[in-house]
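K.L.:
For the sequence shown, the positions run 1 to 334 when the working numbering is used.
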Amino acid sequence: MLLLFPSSPLDLLNPGLDSESESANTKLKNLSLVRKAFVPFCRPHIFKSVDILFDYGRSFPSLTELSGLIEKNPLLATYITRVSCKFESPSSKSKDALSLPTLFNLPNVQEFEIQKDGAGLDESDTLYYTDSDRALTWRKIFDHFIKRNLSKISISGMWNPPIFQLFSSPSLKTIELKGCMMQDTISLSAHPIPPNGFNVTRFVGSDLTGFPLSILSCCPRLEELDVVQIEPATGFSSLPEGQSFVPFRHLRSFTSNGDFDCSILCDSARASGLDIFPSLKELSISPVSEDEVPGVNTMFRFARSLNKLYFAVSLDCPKSGSVRVWALFGRTRT
Numbered sequence: 001m002l003l004l005f006p007s008s009p010l011d012l013l014n015p016g017l018d019s020e021s022e023s024a025n026t027k028l029k030n031l032s033l034v035r036k037a038f039v040p041f042c043r044p045h046i047f048k049s050v051d052i053l054f055d056y057g058r059s060f061p062s063l064t065e066l067s068g069l070i071e072k073n074p075l076l077a078t079y080i081t082r083v084s085c086k087f088e089s090p091s092s093k094s095k096d097a098l099s100l101p102t103l104f105n106l107p108n109v110q111e112f113e114i115q116k117d118g119a120g121l122d123e124s125d126t127l128y129y130t131d132s133d134r135a136l137t138w139r140k141i142f143d144h145f146i147k148r149n150l151s152k153i154s155i156s157g158m159w160n161p162p163i164f165q166l167f168s169s170p171s172l173k174t175i176e177l178k179g180c181m182m183q184d185t186i187s188l189s190a191h192p193i194p195p196n197g198f199n200v201t202r203f204v205g206s207d208l209t210g211f212p213l214s215i216l217s218c219c220p221r222l223e224e225l226d227v228v229q230i231e232p233a234t235g236f237s238s239l240p241e242g243q244s245f246v247p248f249r250h251l252r253s254f255t256s257n258g259d260f261d262c263s264i265l266c267d268s269a270r271a272s273g274l275d276i277f278p279s280l281k282e283l284s285i286s287p288v289s290e291d292e293v294p295g296v297n298t299m300f301r302f303a304r305s306l307n308k309l310y311f312a313v314s315l316d317c318p319k320s321g322s323v324r325v326w327a328l329f330g331r332t333r334t
């Protein structure tokens, strides 16, 4: 009989630990404090992801602390693969930016997240992407990381994010946008599209205004699409002539709430000669009211290979009132 022995002490703990959860991170820290022999095995997991809050009312304790740790042990910088930056007052200039080079010298970052701390899109106090903001701390950090070979980027609370620059990144596979407002004049014809399209495979959009949905038709490798509360840009930009790719051929999962007109995607596909979404297996729809979901019938005609349909329905609960639950209708076709 073949016996498999754990290759490291962490292999004994993995069944009970989720390396992405905060509780697991705390357990690993406690473990490394209790027994020094576990330190080399715990550190790569502890420092895998760092979250930094930029508070302009005082210095940056989290970034300063991180800089001090890396200065004492440069190997820690190689463990960090995800960086999240949250800004309380993006429009203010930082008085304490001495530790910023620490972020700029992390060699293995694959995921980057930037967000405005707090709700609302106030032009005077938000991540407002313009040429005049290049000197601000958040802009320096953002400009640095979008030039890196990231695989995933998440942006929350930004005005006019550089959409085409993001989609044009050859390494970026996942783009997540939340609470962003874009110019309503973005056109595909004004930007160069690679001959084989963009490489994005997963897009998540929530609470977006003026988003150019046509750009998704330039992502032939797109597999997952999740759109919630999107107000698309007016008008429809057709694909550039002579493109060698077919949009939405690999789309296998689509999630939408009821205020999104699903027929927009279908029209984009039809304009390129695609009458079905051949790979679409899962469809999740959450209507915001009892009215018909816009374009859902068109989506069903395109989703001929659908296996699972998730539909949010409202149920009356005696104690808490109306409750929305997801219903799985199972395999829709045999």
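Where a beta carbon is used, it is the ideal one built from N, C-alpha and C, also for glycine. Quantities reported herein were computed from a predicted structural model and do not represent experimental measurements.
#1: Taking L283 as the reference, which of F104, K147, N297 has the closest Cα?
#2: What's the C-alpha gap between Q165 and P247?
#3: For S244, does the count of other Cβ atoms within 10 angstroms reach 16, so buried, or fall short, so exposed?
#4: With which residues is P232 paired in a DSSP beta bridge?
#5: Rounded to a whole number of angstroms, what is the C-alpha to C-alpha distance between L98 and E65?
#6: Taking S49 as the reference, give the member of I146, N108, S89 with the closest Cα.
#7: Does DSSP put N160 in a helix, a strand or coil?
#8: Could you compute how far the alpha carbon of P88 sits from the alpha carbon of R304?
#9: Looking at F302 and I285, is the spacing between their C-beta atoms short of 7 Å?
#10: In the DSSP output, which residue or residues are listed as bridge partners for N257?
#11: Run the CB neighbour count on D143, radius 10 Å, all protein chains shown included, and call it buried at 16 or more, exposed below.
#12: Using three-state DSSP, classify G205 as helix, strand or coil.
#13: Could you confirm whether any beta carbon from chain B is found closer than 7 Å to the beta carbon of S268?
#14: Touch check for the stretch 127-140 and the stretch 165-178: three-plus C-beta pairs under 8 Å?
#15: Do S156 and K140 have their C-beta atoms closer together than 7 Å?
P.N.:
This is what the structure holds:
#1: As a working note, residue 283 is residue 283 in the sequence shown. Checking every option, the nearest Cα to that of L283 belongs to N297.
#2: As a working note, residue 165 is residue 165 in the sequence shown. As a working note, residue 247 is residue 247 in the sequence shown. In a straight line, the C-alpha of Q165 is about 19 Å away from that of P247.
#3: Taking the first residue of the sequence shown as 1, we reach residue 244 at position 244. Result: exposed.
#4: Position 232 of the sequence shown, counted from the start, is the residue given in the question as residue 232. P232 is bridged to F211.
#5: In the sequence shown, residue 98 corresponds to position 98, counting from 1. In the sequence shown, residue 65 corresponds to position 65, counting from 1. Roughly 12 Å separates the two Cα atoms.
#6: As a position in the sequence shown, residue 49 is number 49, starting the count at 1. Measuring from the Cα of S49, the nearest candidate turns out to be N108.
#7: On the sequence shown, residue 160 is found 160 positions in, with the first residue counted as 1. N160 falls in the coil class under three-state DSSP.
#8: In the sequence shown, residue 88 corresponds to position 88, counting from 1. In the sequence shown, residue 304 corresponds to position 304, counting from 1. According to the sequence as given, residue 88 is Glu; it is not Pro. Looking at the backbone, the Cα of E88 and that of R304 are separated by about 47 Å.
#9: If you number the sequence shown from 1, residue 285 lands on position 285. If you number the sequence shown from 1, residue 302 lands on position 302. No, Cβ-Cβ distance for I285 and F302 is not below 7 Å.
#10: Residue 257 sits at position 257 when you count from the first residue of the sequence shown. Looking at the DSSP assignment, N257 forms a beta bridge with S286.
#11: Here residue 143 corresponds to residue number 143 of the sequence shown, with the count starting at 1. Answer is exposed; the Cβ neighbour count stays below 16.
#12: Within the sequence shown, the letter at position 205 stands for residue 205. Here G205 sits in strand by DSSP.
#13: Of the protein chains in this structure there is only one, and it is not chain B.
#14: Because the criterion of three Cβ pairs below 8 Å is not met, the stretch 127-140 and the stretch 165-178 do not touch.
#15: Taking the sequence shown and counting its residues from 1, one reaches residue 156 at position 156. Taking the sequence shown and counting its residues from 1, one reaches residue 140 at position 140. Not a contact, by the Cβ cut-off of 7 Å.
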